[in-house]
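Numbering (the working numbering), first residue to last: 2 to 496. Don't be surprised by glycine CBs; every beta carbon is placed ideally from N, CA and C. In what follows, a structure is listed as structure tokens, so that the remarks can point back to it.
Have a look at this one:
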């Protein structure tokens, strides 16, 4: 089973769950058992009525070969908008770099800094909380519900795939930086050694920062990723300042330094680095140590409670230190005016385990929360939210705050594992008309996943399905939905 790191709140991190959901068996549901289909009276027209797979486990089901989807569907799901953005940006920059190397296009040879810093500025912008929240707000405000469905789906796809722009611009910026340093080496007799040294240090710092962000490093060595991507990144920012100021202060014609700062601030390089610095600093101005109450309903989960309510679809970063080891979790809240909001932390690593063994009374967090794909749920008239395990943390708020969304949650002994707080929210706001809680341990079998999705999608008159699961569950769900023609968004697993 593919290991999913708990740091991504849009991914399930509790590997005790089956990725196969079913709607709840209630007095007003349509139940399919071994004896046939029984429909009970008093069903509201808007209520989902589905034929459910009975709890009896088919002993031969585990021996049935899995149905394979077409290679075209697999390719479409692999070549996501995230990858399209990445390949487009890298290809475009690659063509420009090739023309510059061949001396066909001389502008980037004279103003290489603009290509370096322009790319790096956009890379940082795509991961900035303020920019992300503003972009979500603009799209949610202007395009909620009224445009054609294809347009709203494209908006969600865009919002979910900003990381492709981030990765593409970062990789391209580092390539241009290497090109710039090579040019300085070639013309080293006209450049000062200090400029060359600053360029080499910047190159090393940026390359280490990018390498530490490779998915396999992030997933398996989160602390290594964070220390190198953040702190080496900061070193890279400082060395970039030195590289820009020294490079723009040195006169190549007279081979002398020009101490006049006016010359430096008139260069576009200066303003690119200034913008990068502001974007990096903004989130850190919102870091606060806040009070937290921790509920431990089971050894598998810690429920963190904070004061004030939150909008749906937001994610929170928390840490025991003000600058180290920040971990992201989906926010559960009844609304912006609620008294509390909650984080559901599945126990996997040292950080989450310490929340149970040594629960803190205060914890560090960024008050400026960032938006996940669920934040775009307001674009749709009706939808279905599917999640497994601790993925409920990223999914629940959408259904709590929007009466037109249906929740399907697959787990093992959810009420016992996640405790009265989370169960209480579900029973108060969703039960029984808008929630399915499938207890895989109690029912002892797995329902037909795609039959459930198809029936729920059509019966609920949904426009979209949002999925939060582990890698294998997400893959199977997305393939099935794509094959069935059901618009769905799962987790972006980048590269």
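Classify residue i: buried if its beta carbon has 16 or more other beta carbons within 10 angstroms, exposed otherwise.
{"i": "residue 484", "result": "exposed"}
{"i": "residue 64", "result": "Only weak support exists for where residue 64 lies, its pLDDT of 48 falling under 50; the coordinates are left without a value."}
{"i": "residue 108", "result": "exposed"}
{"i": "residue 441", "result": "buried"}
{"i": "residue 479", "result": "buried"}
{"i": "residue 173", "result": "buried"}
{"i": "residue 143", "result": "exposed"}
{"i": "residue 60", "result": "Its pLDDT being 41, under 50, residue 60 is placed unreliably by the model, and the measurement read from it follows with that caveat. Classification of residue 60: exposed, given that the 10 Å Cβ count is below 16."}
{"i": "residue 359", "result": "exposed"}
{"i": "residue 105", "result": "exposed"}
{"i": "residue 487", "result": "buried"}
{"i": "residue 443", "result": "exposed"}
{"i": "residue 72", "result": "exposed"}
{"i": "residue 473", "result": "exposed"}
{"i": "residue 139", "result": "exposed"}
{"i": "residue 456", "result": "buried"}
{"i": "residue 93", "result": "exposed"}
{"i": "residue 255", "result": "exposed"}
{"i": "residue 187", "result": "exposed"}
Pop quiz: residue i and residue j are said to be a contact at Cβ under 8 Å. What is the actual Cβ separation, rounded to whole angstroms?
{"i": "residue 313", "j": "residue 377", "result": "Not quite, the Cβ-Cβ distance comes to about 10 Å (not below 8 Å), so this is no contact."}
{"i": "residue 364", "j": "residue 293", "result": "5 Å"}
{"i": "residue 302", "j": "residue 350", "result": "So it is not a contact: roughly 14 Å between Cβ atoms."}
{"i": "residue 304", "j": "residue 296", "result": "4 Å"}
{"i": "residue 1", "j": "residue 181", "result": "Any answer about residue 1 is impossible in this case: the structure gives the chain only from 2 up to 496."}
{"i": "residue 466", "j": "residue 384", "result": "7 Å"}
{"i": "residue 366", "j": "residue 427", "result": "Rounded, the Cβ-Cβ distance is 25 Å, inconsistent with contact."}
{"i": "residue 277", "j": "residue 238", "result": "7 Å"}
{"i": "residue 247", "j": "residue 191", "result": "So it is not a contact: roughly 14 Å between Cβ atoms."}
{"i": "residue 415", "j": "residue 438", "result": "5 Å"}
Look at the alpha carbon of residue i and the alpha carbon of residue j, and state the distance between them as a whole number of angstroms.
{"i": "residue 491", "j": "residue 481", "result": "12 Å"}
{"i": "residue 25", "j": "residue 161", "result": "Low confidence applies to residue 25: its pLDDT is 38, below 50, so where it sits in the model is not reliable enough to give any reading."}
{"i": "residue 177", "j": "residue 275", "result": "19 Å"}
{"i": "residue 96", "j": "residue 280", "result": "28 Å"}
{"i": "residue 494", "j": "residue 268", "result": "39 Å"}
{"i": "residue 179", "j": "residue 132", "result": "28 Å"}
{"i": "residue 216", "j": "residue 371", "result": "20 Å"}
{"i": "residue 189", "j": "residue 175", "result": "20 Å"}
{"i": "residue 78", "j": "residue 210", "result": "28 Å"}
{"i": "residue 433", "j": "residue 170", "result": "47 Å"}
{"i": "residue 353", "j": "residue 329", "result": "11 Å"}
{"i": "residue 476", "j": "residue 218", "result": "21 Å"}
{"i": "residue 89", "j": "residue 116", "result": "16 Å"}
{"i": "residue 202", "j": "residue 125", "result": "20 Å"}
{"i": "residue 311", "j": "residue 80", "result": "34 Å"}
{"i": "residue 309", "j": "residue 342", "result": "6 Å"}
{"i": "residue 418", "j": "residue 388", "result": "15 Å"}
{"i": "residue 137", "j": "residue 152", "result": "15 Å"}
{"i": "residue 317", "j": "residue 355", "result": "18 Å"}
{"i": "residue 86", "j": "residue 361", "result": "41 Å"}
{"i": "residue 82", "j": "residue 110", "result": "31 Å"}
{"i": "residue 489", "j": "residue 454", "result": "10 Å"}
{"i": "residue 462", "j": "residue 382", "result": "9 Å"}
{"i": "residue 150", "j": "residue 460", "result": "18 Å"}
{"i": "residue 470", "j": "residue 135", "result": "27 Å"}
Determine the contact status of residue i and residue j, defining contact as a CB-CB distance below 8 Å.
{"i": "residue 145", "j": "residue 380", "result": "yes"}
{"i": "residue 300", "j": "residue 393", "result": "no"}
{"i": "residue 406", "j": "residue 399", "result": "yes"}
{"i": "residue 127", "j": "residue 74", "result": "no"}
{"i": "residue 412", "j": "residue 390", "result": "yes"}
{"i": "residue 226", "j": "residue 214", "result": "yes"}
{"i": "residue 307", "j": "residue 291", "result": "yes"}
{"i": "residue 245", "j": "residue 271", "result": "yes"}
{"i": "residue 345", "j": "residue 468", "result": "no"}
{"i": "residue 193", "j": "residue 251", "result": "yes"}
{"i": "residue 408", "j": "residue 386", "result": "yes"}
{"i": "residue 369", "j": "residue 220", "result": "no"}
{"i": "residue 555", "j": "residue 425", "result": "Outside the shown range of the chain (2 to 496) lies residue 555, about which nothing can therefore be said."}
{"i": "residue 331", "j": "residue 395", "result": "yes"}
Do residue i and the ligand MN come close, with the Cβ less than 7 Å from some heavy atom?
{"i": "residue 490", "result": "As far as ligands go, the structure on display features none, and thus does not contain the ligand MN."}
Taking only beta-carbon positions, decide if residue i is within less than 8 Å of chain B.
{"i": "residue 491", "result": "Among the protein chains of the structure shown there is no chain B, as only one such chain exists."}
Checklist entry - Are three or more beta carbon pairs between the stretch 191-199 and the stretch 110-125 nearer than 8 Å? => result no
Next on the checklist: Could you check whether the stretch 309-328 touches the stretch 256-274, counting it as contact only if at least three pairs of C-beta atoms, one from each stretch, sit closer than 8 Å?
Outcome noted: These segments do not touch.
Checklist entry - Does the count of Cβ pairs from the stretch 222-239 and the stretch 205-213 closer than 8 Å reach three? => result yes
Checklist entry - Would you call the stretch 99-106 and the stretch 157-174 touching, i.e. three or more CB-CB distances under 8 Å? => result no
Checklist entry - Within the chosen definition, does the stretch 245-261 reach the stretch 214-234 through at least 3 CB pairs nearer than 8 Å? => result In this structure the stretch 245-261 does not lie against the stretch 214-234, because fewer than three pairs of beta carbons, one per stretch, are closer than 8 Å.
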